[in-house]
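Trainee: Below: one structure in structure tokens.
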Ligand SMILES: NC(=O)c1ccc[n+]([C@@H]2O[C@H](COP(=O)([O-])OP(=O)(O)OC[C@H]3O[C@@H](n4cnc5c(N)ncnc54)[C@H](OP(=O)(O)O)[C@@H]3O)[C@@H](O)[C@H]2O)c1
């Protein structure tokens, strides 16, 4: 391989532009391991980076793509050898480091996880950062004593990547799941097929204004932030946990201390990019065994080629995509 194809984002004046280029490995950010990329996927953050709708990339030009799975081409780190199957999610790839939207990636060995037995590279990318994050939310909530008899789990943004896999994981962990969606009536069959017990229309929510409203939820997985997360804090039952994952609606949160000091509600931060390596490996082991999502085939909405990325990223930002989108690079 002398040169290969990559999608690279440049900064021009004060905006950004993504274009396909021919690169060599030495054009990429530094790393010990060169990986021939087989599959990647699209997360909300990737769509922000490619479209320039959010400041995700740290330094330009940069190859976006926070997830990749592939085969090691060469390695100067003794932990990896040519031919090894590996995956990488988060760890600043596709942000500060060049990422997965290219035929080759060069990465620090510390960002890689050996592909667990029980997962193909395609399955690993169907799960991707989205599924890893959903599994981290489940782990943190269980560690903080979330239990099915505390009541239903509200999952917001449920037709998205994180939300879809969260439905699958929480349902199989024994919880009742209510999907709070902006696509009620359109995506009901999809959400029920993943395990949602009830579909709640986000447009029809009565958000209320009091510091504490009627307690509805045993806990929640929130992908939206903003007024939806504020409402979840006001409507979660005593000792319930809310995993704060995303900001698809807003990065702001206006609430009071009342849910925390009068109901013992916990707001758990979920940060999938940088987490202790032992957690990362344990979560991937779980995702390849007992927590392997059962509905992955239904969650993968489509497979696209590198060339299709710019258009599909626009659709993701518009909130019209359901489920996960896989990016086939050299994948078989
Ligand atoms: N903390 C972390 O480590 C971490 C990791 C991964 C992702 N995230 C964040 O989590 C969120 C979800 O990520 P994802 O990859 O699942 O994204 P995604 O696939 O684009 O899904 C987001 C979902 O949110 C809803 N939505 C989209 N735009 C919205 C808007 N303007 N207002 C209200 N709802 C909207 C839609 O669901 P419905 O139509 O069903 O309502 C959409 O399917 C993003 O904010 C992402 O940045 C954080």
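In our numbering, the protein residues as written are 230 to 561. Where a beta carbon is used, it is the ideal one built from N, C-alpha and C, also for glycine. None of the values given here were measured: they were computed from a predicted structure.
Figure out for me which residue from 523, 242, 336 and 411 has the closest Cα to the Cα of residue 549.
Mentor: 411
Trainee: Going by C-alpha distance, which of 487, 335 and 422 is nearest residue 442?
Mentor: The residue with the shortest Cα to Cα distance from residue 442 is 487.
Trainee: Between residue 269 and residue 330, which are expected to be in contact by the criterion C-beta below 8 Å, what is the C-beta distance as a whole number of angstroms?
Mentor: Yes, they are in contact, since the Cβ atoms of residue 269 and residue 330 sit about 6 Å apart, within 8 Å.
Trainee: Decide if the stretch 509–528 is in contact with the stretch 463–475; the criterion is three or more beta carbon pairs, one per stretch, under 8 Å apart.
Mentor: no
Trainee: Classify residue 230: buried if its beta carbon has 16 or more other beta carbons within 10 angstroms, exposed otherwise.
Mentor: Classification of residue 230: exposed, given that the 10 Å Cβ count is below 16.
Trainee: Cβ-heavy atom distance between residue 272 and ligand 1 below 7 Å?
Mentor: With a cutoff of 7 Å, residue 272 counts as near ligand 1, since its C-beta is closer than that to a heavy atom of the ligand.
Trainee: Answer yes or no: the CB of residue 545 versus the heavy atoms of ligand 1, is any distance below 7 Å?
Mentor: Because some heavy atom of ligand 1 lies under 7 Å away, the Cβ of residue 545 counts as near it: yes.
Trainee: I'd like to know if the stretch 336–350 and the stretch 453–464 are in contact, where contact means that at least 3 CB-CB pairs between them fall below 8 Å.
Mentor: no
Trainee: Under a Cβ-count criterion, where at least 16 other Cβ atoms within 10 Å of its own Cβ denotes burial, should residue 274 be classed as buried or exposed?
Mentor: It is buried - the Cβ of residue 274 has at least 16 other Cβ atoms within 10 Å.
Trainee: For the putative contact between residue 385 and residue 452, defined by C-beta atoms under 8 Å, what is the C-beta separation to the nearest angstrom?
Mentor: 5 Å
Trainee: Let me check you understand the geometry: is the CB of residue 375 closer than 7 Å to at least one non-hydrogen atom of ligand 1?
Mentor: no
Trainee: Just verifying my parser: in three-state terms, what is the DSSP assignment at residue 446?
Mentor: strand
Trainee: Measure the CB-CB distance between residue 288 and residue 244 and report whether it falls below 8 Å.
Mentor: no
Trainee: Going by DSSP, which residues form a beta bridge with residue 239?
Mentor: 246
Trainee: Please identify the residue among 327, 439, 278 and 267 whose C-alpha is closest to the C-alpha of residue 301.
Mentor: 267
Trainee: Measuring alpha carbon to alpha carbon, tell me which of 491, 251, 482 and 518 ends up nearest residue 401.
Mentor: 518
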